[in-house]
Amino acid sequence: MSDRCSLASRAAGIPLAGTAPQTPAWLVVEQRIPWAARALESERLDDHLRSLLVCVPATVLLARWQGAAGPERFWYSAAASSGLISGYVSELVDVLSAGSPLATMASTLPVDPVLFVCANSKRDVCCAIESKPLLAQLSERADVWQCTHIGGHRFAPTALLLPTAMVYGRLTAEIAVAALDFASRDEVETTYARGYSWLTSLEQIADIHVRRRYQITCAHSLTFEASDADTSTPQVTVRHTDGRSWQVLLQRRQSEPVLEACGRDPLSETYYSLESIAAVS
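Position in the sequence shown (from 1) plus 271 gives the number in the working numbering.
Now the structure itself:
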């Protein structure tokens with residue numbers, strides 16, 4: 272067995288769908304400083320900014336781009352609005368210091384889709400090794416950034432696409448470009464998708480499989496109602512805004528022991544496979 276978690280995960284056939292980290296919001300802050308294993312533990316992060324970010328009800332990432340440096344920026348995306356707020360870090364500090372919610376802040380920069388690729392070797396070596404060729408191929412794009420740990424390094428290269436909050440794994444340059452193109456039209460590309468981070472694991476799986484089977488690309492067209500996740504065959508009801516609905520039946524399974532992260536002992540992993548999708552009349 273490989274001593275690298277991403278290679279072991281591929282070899283074991285661990286599925287991507289349903290593995291996205293779950294969070295109601297993301298706050299990505301541009302910081303051209305050395306990163307630590309955890310974003311807010313970076314020694315050169317401004318102490319005042321750190322104290323403010325700790326209190327934000329969102330998952331915080333640090334990011335940087337290989338191009339010319341300018342005023343440091345931030346991006347905020349929340350599930351409730353499915354929108355993206357963008358601005359400068361100085362404005363972010365002012366807003367957070369005043370105790371104002373980020374969602375009330377007016378956008379000061381274009382809010383086109385942005386892809387953040389995890390390249391944080393301090394957390395797991397696979398993130399750096401697997402992301403390097405991907406970032407090299409996309410180095411000329413202003414909408415592709417590298418960032419700190421997203422979650423799920425065994426699926427490296429992993430990436431977060433804002434504003435949709437779709438998370439990808441085992442990503443290729445071709446699919447990264449397609450995902451950005453889809454997002455610019457408020458649509459979603461599901462190849463190598465791990466799931467929307469604002470959905471539960473079961474909802475992520477149902478969303479991806481229904482989209483693939485029925486070629487549904489509109490980013491905000493589906494809603495979900497899941498059964499008890501503790502059962503061996505959970506079900507998810509998926510409803511489309513056009514009136515269609517489906518019952519998705521899943522099967523809980525257990526993998527052979529596989530590396531969850533580099534340098535750790537192999538563990539058996541629970542995952543769900545698709546059993547059936549049935550239209551509901």
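A virtual CB, placed ideally from N, CA and C, is assigned to each residue, including glycine.
| query | result |
| --- | --- |
| Comparing alpha-carbon positions, which option in A407, S402, A454 lies nearest T429? | S402 |
| If you drop the 5 nearest sequence neighbours on each side, which residues of the same chain put their C-beta closer than 6 Å to that of V396? | C533 |
| Taking Cβ positions, are I356 and S368 nearer each other than 9 Å? | no |
| Counting C-beta neighbours from all protein chains within 10 Å, is the total for I494 16 or more, i.e. buried, or is it exposed? | Note that residue 494 is Thr in the sequence shown here, rather than Ile. It counts as exposed. |
| So, are the CB atoms of F345 and L363 less than 9 Å apart? | yes |
| If contacts are defined as beta-carbon pairs under 8 Å, then S539 and E527 qualify, I think. What distance do you get, rounded to the angstrom? | 7 Å |
| Nearest by alpha-carbon distance to G358: which of S371, T435, P342, W416 is it? | P342 |
| If we ignore side chains and look at the alpha-carbon of each, how far apart do P295 and R275 end up? | 30 Å |
| Between the Cα of S552 and those of Y542, G514, D383, G289, spot the shortest distance and give me the residue it belongs to. | G514 |
| Quick check: what's the CA-CA separation for C389 versus C398? | 6 Å |
| Per DSSP, what are the beta-bridge partners of Y554 in this structure? | Since the first residue of the chain shown is 272 and the last is 552, residue 554 is not available in this structure. |
| Using the Cα positions of D383 and R456, report the straight-line distance between them to the nearest angstrom. | 10 Å |
| How about G440 and A427: are their beta carbons less than 9 Å apart? | yes |
| Here's the rule: buried if 16 or more other CB atoms are within 10 angstroms of the residue's CB, otherwise exposed. What is I304? | exposed |
| If you reduce the DSSP assignment to three classes, tell me which class L333 lands in. | strand |
| Quick one: residues in its chain with C-beta nearer than 8 Å to the C-beta of W306, no 5 flanking neighbours on either side, listed in chain order? | S313, L333, N391, K393, T419 |
| Decide if E496 is buried, meaning its Cβ has at least 16 other Cβ atoms within 10 Å, or exposed. | exposed |
| Sort Q506, A283, S492, Q486 by Cα distance to R227 and report the nearest one. | Summary: the structure shown does not reach residue 227, with the chain confined to residues 272 through 552, and so no result is reported for it. |
| Nearest to R465 by alpha carbon, out of L405, P286, Q486? | P286 |
| Please name the residue or residues paired with L538 in a DSSP beta bridge. | V529 |
| Among A291, D501, V448, I479, which residue has its Cα nearest to the Cα of A405? | Checking the sequence shown, residue 405 turns out to be Leu, not Ala. The shortest Cα separation from L405 among A291, D501, V448, I479 belongs to V448. |
| Check the DSSP bridge columns for Y485 and list the partner residues they point to. | Answer by DSSP bridge pairing: none, since Y485 is not bridged. |
| Identify every residue that forms a DSSP beta bridge with C418. | A334, C389 |
| With distances taken Cα to Cα, identify the nearest neighbour of A288 among A374, A407, V438. | V438 |
| Taking DSSP as the reference, what is the three-state secondary structure of E312? | helix |
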